[in-house]
Amino acid sequence: MSSGYTAIEPDEPFDDVSSLPSYATTDPSTARTAPTPQTYAQGPTQPQAPGPSSGAQQPQTLLERLKQSSHPIALFFYIFFRVSPVVVYVFGNIIIGQITSKNTFILHFIVLILLIAADFWNLKNISGRLLVGLRWWNETNMIDPSEGASSSGKDFENVWVFESADPNRYINPIDSKVFWLLLYGQPVAWILLAFLAFLKFQFLYMLLLVVAITLSMTNAMAFTKCDKFGKANNIANDIFSRATGSIFTRFNPFNR
Numbered sequence: 003m004s005s006g007y008t009a010i011e012p013d014e015p016f017d018d019v020s021s022l023p024s025y026a027t028t029d030p031s032t033a034r035t036a037p038t039p040q041t042y043a044q045g046p047t048q049p050q051a052p053g054p055s056s057g058a059q060q061p062q063t064l065l066e067r068l069k070q071s072s073h074p075i076a077l078f079f080y081i082f083f084r085v086s087p088v089v090v091y092v093f094g095n096i097i098i099g100q101i102t103s104k105n106t107f108i109l110h111f112i113v114l115i116l117l118i119a120a121d122f123w124n125l126k127n128i129s130g131r132l133l134v135g136l137r138w139w140n141e142t143n144m145i146d147p148s149e150g151a152s153s154s155g156k157d158f159e160n161v162w163v164f165e166s167a168d169p170n171r172y173i174n175p176i177d178s179k180v181f182w183l184l185l186y187g188q189p190v191a192w193i194l195l196a197f198l199a200f201l202k203f204q205f206l207y208m209l210l211l212v213v214a215i216t217l218s219m220t221n222a223m224a225f226t227k228c229d230k231f232g233k234a235n236n237i238a239n240d241i242f243s244r245a246t247g248s249i250f251t252r253f254n255p256f257n258r
């Protein structure tokens with residue numbers, strides 16, 4: 003079966019190069035070269051501000067830091083019971099006055115007593131043990147008559163027991179900072195409020211504030227005693243030395 007197509011013969015070579023079109027010539031003198039990219043003079047480049055990189059750490063908010071706690075529920079109730087009595091003392095009359103206008107002072111007094119007692123119990127039995135591994139309690143032991151007791155033989159003594167966790171136990175730095183800050187911060191707030199109540203001649207509130215100062219200072223001193231590894235002792239000694247040093251230098255007549 004024969005094909006209907008005819009073979010195309012190859013072109014004959016041109017002997018006369020001059021007859022070729024200009025774009026087909028191979029003469030290097032007449033060959034066109036591709037245009038080279040031109041560079042334009044520019045002024046000095048301004049450094050660009052670095053854009054936000056995904057790897058850079060953004061500053062954390064207070065809530066995000068508190069979420070890093072090892073015991074977030076215990077930390078929440080610790081902050082609540084430490085702060086709420088002070089807040090209720092300052093704004094309690096206003097809040098209770100919006101609810102009822104009768105027996106405002108009595109309700110305010112009762113709520114404060116309950117909050118102060120709850121704060122003392124929570125700090126002593128739960129927050130201290132979970133957040134920083136410290137606990138204290140008071141025991142009443144009967145003295146043996148052979149150890150110098152009275153003739154009745156029924157003398158008792160109060161014994162303070164301080165307990166610290168294993169030093170190899172990991173203590174979350176967020177829990178530790180919040181614990182010690184509020185432990186020493188609340189007594190300072192109560193003392194300032196007691197001073198203001200004294201200036202306003204609010205002697206009934208003064209009785210309540212004396213109870214609050216006593217309980218908060220008891221917890222502060224007891225947990226400081228519990229901390230045998232020096233964390234709280236270093237903080238307390240540093241604050242005490244700075245305060246006493248500044249007072250001494252201020253009132254020292256020989257420095258003038």
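The working numbering numbers the first residue of the sequence shown as 3 and each following residue consecutively.
Yeah, the Cβ is synthetic: ideal placement off N, Cα and C, and Gly gets one too.
Keep in mind the model is a prediction, meaning the values are calculated, not measured.
Shortest alpha-carbon distance to residue i belongs to which of the options?
i: I193; options: S71, N160, L64, V88; result: V88
i: L77; options: T102, D177, V90; result: D177
i: I98; options: M219, V113, E165; result: V113
i: A196; options: L211, V90, M144, L184; result: L211
i: S218; options: F122, G130, N140; result: F122
i: F82; options: I173, N174, T216, S129; result: S129
i: I118; options: K227, T226, Q188, L198; result: Q188
i: F79; options: A167, L125, Q70; result: L125
i: L116; options: D168, D157, S86; result: S86
i: I145; options: W138, D157, W139; result: D157
i: K69; options: P175, F93, P169; result: P175
i: A191; options: T63, A120, T216; result: T216
i: K179; options: F93, R67, N105; result: R67
List the whole-angstrom C-beta distance separating residue i from residue j, where the pair is believed to meet the contact cut-off of C-beta under 8 Å.
i: N160; j: T142; result: 6 Å
i: A222; j: Y186; result: 6 Å
i: H110; j: N95; result: 6 Å
i: L132; j: D229; result: L132 to D229, Cβ: 15 Å. No contact.
i: L198; j: R84; result: Incorrect: roughly 20 Å between the Cβ atoms, too far for contact.
i: I173; j: V134; result: 6 Å
Name the DSSP bridge partner or partners of residue i?
i: M144; result: F158
i: F164; result: W138
Using 10 angstroms around the beta-carbon of residue i, count the other beta-carbons present and answer buried if the total reaches 16, otherwise exposed.
i: W182; result: buried
i: G57; result: Below a pLDDT of 50, predicted positions are generally treated as unreliable, and G57, at 45, falls in that range; the measurement from the model is reported next regardless. Counting Cβ neighbours within 10 Å, G57 comes out exposed, since fewer than 16 surround it.
i: L201; result: exposed
i: L65; result: exposed
i: P54; result: Residue placement at P54 is poorly supported in this model, since its pLDDT is 46, which falls under 50; the coordinates still yield a value, given next. It counts as exposed.
i: Y91; result: buried
i: F203; result: exposed
i: F225; result: buried
i: Q100; result: exposed
i: S71; result: buried
i: W139; result: exposed
Would you call the stretch 197-212 in contact with the stretch 161-175, where contact means no fewer than 3 C-beta pairs closer than 8 Å?
Result no; under three Cβ-Cβ pairs closer than 8 Å.
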